[in-house]
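S.K.:
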Amino acid sequence: MALLDELKELGSNVGEGLERFMGNAALYERMLHKLPDTVQKTDVWGAFANGDLKTAEEQAHALKGATGNLSVTPLYEGYTKVVDLLRAGQAEEAKAVYDGLVPVQEQVIACIERNG
Amino acid sequence: MDMTILIVDDIEINRAILTEIFKDEYNIIEASNGVEAVEVLNSDVKISAMLLDLLMPEMDGLGVLRKMNESGQIKSIPVFLITAANSDEMLMEGYNLGAVDIISKPFTPHFLRSRINRVIELYRHRNELESVVAEQVEKLNRMNQSVIETLATVIEFRDCESGEHVKRISGLTNLLLTQVSNTYPEYEMPKAEIEKIALASVLHDVGKIAIPDGILNKPGRLTPEEFEIMKQHTVKGGEILQTIPEIMDAEIYEYSFDIARHHHERWDGRGYPDGLKGDETSIGAQVVAVADVYDALTSERVYKKAYDHETAVRMIRNGECGTFNDKLLSAFAAVEDKVRNREWLD
């Protein structure tokens with residue numbers, strides 16, 4: 048249970064997450080281990096750098112859904128803000144929120160990988 | 086577990102959660118994009134519901150919905166859109182394309198389960214009812230057909246003929262009308278319509294029920310007065326059919342009425358009862374008229390012997406039985422071998 052405890056300390060709503068997986072902690076953990084790969088497949092940073100705001104929005108949107116379902120609350124809330132700001136045409140503000148989100152995301156991924 | 090849910094999402098985490106929620110009650114098939122989803126839909130697997138993500142690579146959720154609209158599957162398979170609050174336009178388009186409901190991320194298993202179970206049950210019930218209705222319609226059609234055929238046979242016996250005359254008229258009508266439809270664009274019609282007209286043709290002489298025996302079965306020439314009464318079988322036929330429209334499929338009723346009333350009209354307007362000219366008479370009634378004349382000529386009647394095929398064809402061409410549409414006569418000539426060999430009876 049080390050992984051779930053550590054994620055809880057990082058602000059994840061682990062109780063809600065477990066409920067979503069019908070109380071199946073093993074499956075919940077297995078899906079949490081898919082998160083690094085899911086993040087790896089996207090490149091929100093690159094999309095912002097290239098000014099490709101459509102791709103940035105789509106990928107932030109996908110990560111919002113996945114982190115929401117995993118109840119990794121800080122990432123879910125962060126990506127929700129990024130998507131909302133991009134949709135409102137506030138690209139600079141979105142980029143600023145995303146920049147703040149990157150270290151949190153790295154922390155979460157490191158935690159998941161450490162507990163593999 | 087005989088019901089299957091198709092889960093379509095490009096993110097494995099989302100698919101895994103949905104699978105976990107539903108795997109105890111349903112068979113689960115997962116697809117990671119729209120193309121894979123359409124492949125599953127086109128396979129033999131019967132899908133009871135689909136949970137569909139909107140944003141996906143290859144083909145997105147709206148693309149899948151469009152395909153389902155093209156194939157008609159949208160009517161029998163309930164589709165739930167999975168969304169983390171996508172744009173309103175997208176959701177609206179999804180609804181317009183026939184999605185039944187929206188599932189928002191993050192998922193709430195309990196609500197999700199009861200909502201989806203309820204809709205699946207509703208669709209199952211509806212699909213079942215539809216198949217019951219289809220069965221009943223089929224039964225009704227068969228009954229219509231047997232009512233029509235029974236009625237036609239009754240008339241035949243009254244007319245001192247075997248029940249074969251109406252079968253020959255129906256077969257000949259089908260053969261001729263198919264030829265006319267294939268040859269002349271202005272008379273082109275679908276096969277199903279030709280079959281309805283051929284079926285309706287068996288009632289062409291239904292009005293003879295109202296003609297006195299002494300005239301109907303008189304061996305020898307009718308007096309002008311008797312002939313006037315005999316001619317009334319067209320009008321009487323229409324009247325009789327008008328009293329029973331509800332027993333027949335509306336379209337067949339229209340055809341039988343038209344044929345009963347107009348199968349003695351002629352191209353030059355010298356037929357009866359309305360003296361219609363040319364294409365004022367429907368092509369269906371025109372074809373039945375030729376078929377009826379041909380069959381009358383080649384059959385033995387109380388007042389005459391049967392003519393052979395060649396003589397009958399010559400008499401029709403020469404206008405000895407009234408004038409007919411030239412195109413119809415050409416079509417008749419084109420299928421003459423089949424007519425002579427009675428191939429249409431097969």
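From first to last, the protein sequence lines stand for chains A and B.
So for the first sequence, this note's numbering puts the first residue at 48; every next one is plus one.
So for the second sequence, this note's numbering puts the first residue at 86; every next one is plus one.
Using N, Cα and C, we set each Cβ at its ideal position, and we do this for glycine too.
These numbers were taken from a predicted model, which means no experiment stands behind them.
1. Just to confirm, is the Cβ distance from Phe224(A) to Glu278(B) under 8 Å?
2. Using the beta-carbon count (16 or more within 10 Å), is Lys190(B) buried or exposed?
3. Kindly indicate which three-state DSSP category Asp138(B) falls into: helix, strand or coil?
4. Can you tell me which of Ala96(A), Glu153(A), Gly136(A) puts its alpha carbon nearest to the alpha carbon of Pro121(A)?
5. Which chain A residues sit within Cβ distance under 8 Å of Leu140(B)?
6. Counting beta carbon pairs with one atom in the segment 142 to 153 of chain A and one in the segment 89 to 97 of chain A, are three or more of them shorter than 8 Å?
7. Just to confirm my understanding: we take Glu385(B), look at its own chain, exclude 5 residues before and 5 after, and list those with CB closer than 8 Å. What are they?
8. If the criterion is Cβ atoms closer than 8 Å, does the pair Ala134(B) and Ile90(B) meet it?
9. For Glu105(A), which of Glu405(B), Leu140(B), Arg198(B) has the nearest alpha-carbon?
10. Hey, how far is the Cα of Ala295(B) from the Cα of Leu236(B)?
11. Express the C-alpha separation of Glu336(B) and Ile96(B) in angstroms, rounding to a whole number.
12. Just to confirm my understanding: we take Gly356(B), look at its own chain, exclude 5 residues before and 5 after, and list those with CB closer than 7 Å. What are they?
13. Name the DSSP beta bridge partners of Val93(B), please?
14. Closer than 8 Å is the cut-off here; do at least three beta carbon pairs connect the segment 287 to 303 of chain B with the segment 261 to 271 of chain B?
15. I'd like to know if Ala169(B) contacts chain A, where contact means its C-beta is closer than 8 Å to some C-beta of that chain.
16. Based on Cα-Cα distance, which residue from Leu137(B), Ile314(B), Glu405(B) lies nearest to Ser117(B)?
17. Considering only the alpha carbon of each residue, which of Ile344(B), Thr328(B), Thr308(B) lies closest to Thr319(B)?
18. Grouping DSSP H, G and I as helix and E and B as strand, with all else coil, what is Leu166(B)?
19. Taking one C-beta from the segment 175 to 190 of chain B and one from the segment 127 to 144 of chain A each time, how about it: are there three or more such pairs within less than 8 Å?
20. Determine which residues share a DSSP beta bridge with Glu421(B) and list them.
21. Going along chain B in order, which residues have a C-beta closer than 9 Å to the C-beta of Arg67(A)?
22. Ordered along the chain, which non-local residues of its own chain (more than five positions away) have a Cβ less than 8 Å from that of Gly292(B)?
23. Under 8 Å between C-beta atoms, does Ile113(B) make it to chain A?
24. For a quick check, are the C-beta atoms of Asn162(A) and Ala49(A) less than 8 Å apart?
25. Is the beta carbon of Ala107(A) closer than 8 Å to that of Leu82(A)?
26. Is DSSP giving Ile187(B) helix, strand or coil here?
27. Ends of the alpha helix (DSSP H) at Glu143(B)?
28. According to the Cβ coordinates, are Phe342(B) and Val375(B) closer than 8 Å?
29. Can you pull the chain D residues whose beta carbon is under 8 Å from the beta carbon of Ile98(B), in chain order?
30. List, in chain order, every chain B residue whose beta-carbon is nearer than 7 Å to that of Asn71(A).
31. Taking all protein chains shown into account, decide if Pro163(B) is buried (16 or more other Cβ within 10 angstroms of its Cβ) or exposed.
32. How should Tyr388(B) be labelled, buried or exposed, when 16 other C-beta atoms within 10 angstroms of its C-beta is the threshold for buried?
33. Give me, in chain order, the residues of the same chain whose beta-carbon lies closer than 8 Å to that of Asp67(B); leave out the 5 immediate sequence neighbours on both sides.
34. Closer than 7 Å by C-beta to Leu413(B): which residues in its own chain qualify, once you throw out the five before and the five after it? Chain order, please.
35. Hey, out of Arg100(B), Val398(B), Val149(B), whose CA is closest to Met78(A)'s CA?
36. What separation, rounded to the nearest whole angstrom, lies between the Cα atoms of Met144(B) and Gly119(B)?
M.R.: Walking through what the data contain:
1. This structure does not reach residue 224(A), given that chain A is present from 48 up to 163, and the question cannot be answered.
2. As a first step, residue 190(B) is located in the second sequence; it is residue number 105 there, counting from the start. With at least 16 other beta carbons inside 10 angstroms of its own, Lys190(B) counts as buried.
3. Along the second sequence, read from residue 1 onward, the residue named residue 138(B) stands at position 53. It is a strand residue.
4. By 1-based counting over the first sequence, the position of residue 121(A) is 74. Among Ala96(A), Glu153(A), Gly136(A), the Cα nearest to that of Pro121(A) is on Glu153(A).
5. Working through the second sequence from its first residue, we reach residue 140(B) at position 55. Result: Glu105, His108, Ala109.
6. yes
7. For the purposes of this step, residue 385(B) is taken as the residue at position 300 of the second sequence. Only Ala391 meet the Cβ criterion.
8. Translated into the one-based positions of the second sequence, residue 134(B) becomes position 49. Translated into the one-based positions of the second sequence, residue 90(B) becomes position 5. Their beta carbons are under 8 Å apart, which means Ala134(B) touches Ile90(B) by this criterion.
9. Numbered from 1 along the first sequence, position 58 holds the residue referred to as residue 105(A). It is Leu140(B) whose Cα lies nearest to the Cα of Glu105(A).
10. Residue 295(B) sits at position 210 when you count from the first residue of the second sequence. Residue 236(B) sits at position 151 when you count from the first residue of the second sequence. Distance from the CA atom of Ala295(B) to the CA atom of Leu236(B), rounded to whole angstroms, is 13 Å.
11. Against the second sequence, residue 96(B) aligns to sequence position 11. Against the second sequence, residue 336(B) aligns to sequence position 251. When rounded, the distance between both Cα atoms is 53 Å.
12. On the second sequence, residue 356(B) is found 271 positions in, with the first residue counted as 1. Correct list, in chain order: His349, Glu350, Gly407.
13. Here the question's residue 93(B) lines up with position 8 in the second sequence. Val93(B) pairs with Ala116(B), Leu137(B).
14. no
15. Against the second sequence, residue 169(B) aligns to sequence position 84. The beta-carbon of Ala169(B) is placed less than 8 Å from the nearest beta-carbon of chain A.
16. What you label residue 117(B) is simply residue 32 of the second sequence in a count that begins at 1. In this structure, Leu137(B) is the residue among Leu137(B), Ile314(B), Glu405(B) with its C-alpha nearest to the C-alpha of Ser117(B).
17. By 1-based counting over the second sequence, the position of residue 319(B) is 234. Closest option to Thr319(B), Cα to Cα, is Ile344(B).
18. For the purposes of this step, residue 166(B) is taken as the residue at position 81 of the second sequence. Three-state result, Leu166(B): strand.
19. no
20. The residue you call residue 421(B) lines up with position 336 of the second sequence. In DSSP, Glu421(B) forms no bridge with anything.
21. Here the question's residue 67(A) lines up with position 20 in the first sequence. Residues of chain B passing the Cβ test: Ile102, Glu105, Ile106, Pro191, Phe192, Thr193, Pro194.
22. The sequence position of residue 292(B) within the second sequence is 207, counting from 1. Gln317, His318, Thr319, Val320, Lys321, Gly322, Gly323, Glu324, Ile325, Ala345.
23. Taking the second sequence and counting its residues from 1, one reaches residue 113(B) at position 28. Cβ-Cβ to chain A under 8 Å: no for Ile113(B).
24. Sequence index remark: in the first sequence, residue 162(A) carries index 115 (1-based). Sequence index remark: in the first sequence, residue 49(A) carries index 2 (1-based). In contact: Asn162(A) and Ala49(A) (Cβ atoms closer than 8 Å).
25. In the first sequence, the residue the question calls residue 82(A) occupies position 35. In the first sequence, the residue the question calls residue 107(A) occupies position 60. Contact: no.
26. Along the second sequence, read from residue 1 onward, the residue named residue 187(B) stands at position 102. Looking at Ile187(B) - three-state DSSP - the assignment turns out to be strand.
27. The count along the second sequence starts at 1 and reaches residue 143(B) at position 58. Note, Glu143(B): premise wrong, no alpha helix (DSSP H); not H, not E.
28. On the second sequence, residue 342(B) is found 257 positions in, with the first residue counted as 1. On the second sequence, residue 375(B) is found 290 positions in, with the first residue counted as 1. Cβ distance not < 8 Å, so Phe342(B) and Val375(B) don't count as in contact.
29. Protein chains A and B are contained in the structure displayed, whereas chain D is not.
30. Stepping through the first sequence from its first residue, residue 71(A) is reached at position 24. What Asn71(A) touches in chain B: Glu105.
31. In the second sequence, counting from the first residue as 1, residue 163(B) sits at position 78. Pro163(B) comes out buried.
32. The sequence position of residue 388(B) within the second sequence is 303, counting from 1. With fewer than 16 other CB atoms across the displayed protein chains lying within 10 angstroms of its CB, Tyr388(B) is exposed.
33. Missing from the structure shown is residue 67(B); chain B here goes from 86 to 431 and no further.
34. Here residue 413(B) corresponds to residue number 328 of the second sequence, with the count starting at 1. Only Val265, Gln371, Val372, Val375 meet the Cβ criterion.
35. The residue labelled residue 78(A) in the question sits at position 31 within the first sequence. Comparing Cα-Cα distances from Met78(A) to each of Arg100(B), Val398(B), Val149(B), the minimum goes to Arg100(B).
36. To locate residue 144(B), count along the second sequence from 1; it is residue 59. To locate residue 119(B), count along the second sequence from 1; it is residue 34. Going from the Cα of Met144(B) to the Cα of Gly119(B) covers about 4 Å.
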